[in-house]
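Residue numbers (this note's numbering): 648 to 805. Even glycine gets a Cβ: it sits at the ideal position worked out from N, Cα and C. The structure under discussion appears below in the form of structure tokens.
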Amino acid sequence: MARPIPLELPPRDPREELRTRLEQAPVAHAEALLDSYELLQQLHDHGVFELLRGALGASDKLIETAVDAAKTDESVRAIRNAIILGKILGSINPDVLQGIAVAISETLGCYEKPIIEPPGLFSLLSQFRHKELRRSMALVNKFLEALGNQIKLRGSCG
Numbered sequence: 648m649a650r651p652i653p654l655e656l657p658p659r660d661p662r663e664e665l666r667t668r669l670e671q672a673p674v675a676h677a678e679a680l681l682d683s684y685e686l687l688q689q690l691h692d693h694g695v696f697e698l699l700r701g702a703l704g705a706s707d708k709l710i711e712t713a714v715d716a717a718k719t720d721e722s723v724r725a726i727r728n729a730i731i732l733g734k735i736l737g738s739i740n741p742d743v744l745q746g747i748a749v750a751i752s753e754t755l756g757c758y759e760k761p762i763i764e765p766p767g768l769f770s771l772l773s774q775f776r777h778k779e780l781r782r783s784m785a786l787v788n789k790f791l792e793a794l795g796n797q798i799k800l801r802g803s804c805g
């Protein structure tokens, strides 16, 4: 009958394995270690560690100040307004917004202050012949009508 082969494994020492890996690390990762030392030195030179130590030491005061600032009526209104503006931007068709952006760029987009001479009365009246002007005025009128309805529903803020 066959005899089993005796297998004797030395006991595993995790600390010794870590020590060996640690001793080999500077050789295997020399470039990375040099880069990290350089980064640490730059952080130290710019006072980042002092800033972090100060922030950690005053963390309770920082949190208290942030909470106090967030509890003000202005902060609550700012957050609510930001949410509403996000909803507005989400509801606008991107093609329409692109058209508005192009129109703004064409009329106000130059680097210098635009010089627009006021047209004369007859020149102004002749501009009403253009469909584009009438179309944009209809859009502005529709917006102003909807705004007037909202003011009537919600009351004035004065």
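Once you ignore the five residues that flank residue 748 on each side, which residues in its own chain have a CB closer than 6 angstroms to its CB? none
So, under 8 angstroms CB-CB, residue 605 and residue 781 are touching, yes? Tell me the CB distance rounded to an integer number of Å. For the chain, the structure presents residues 648 to 805; residue 605 sits outside this window and is missing.
Which residue comes first and which comes last in the alpha helix (DSSP H) that contains residue 715? Where residue 715 is concerned, the enclosing alpha helix (DSSP H) stretches over 706–717.
How about residue 709 and residue 716: are their beta carbons less than 8 angstroms apart? no
Complete runs of the alpha helix (DSSP H) confined to the segment 678–705 [at least 4 residues]: 695–704
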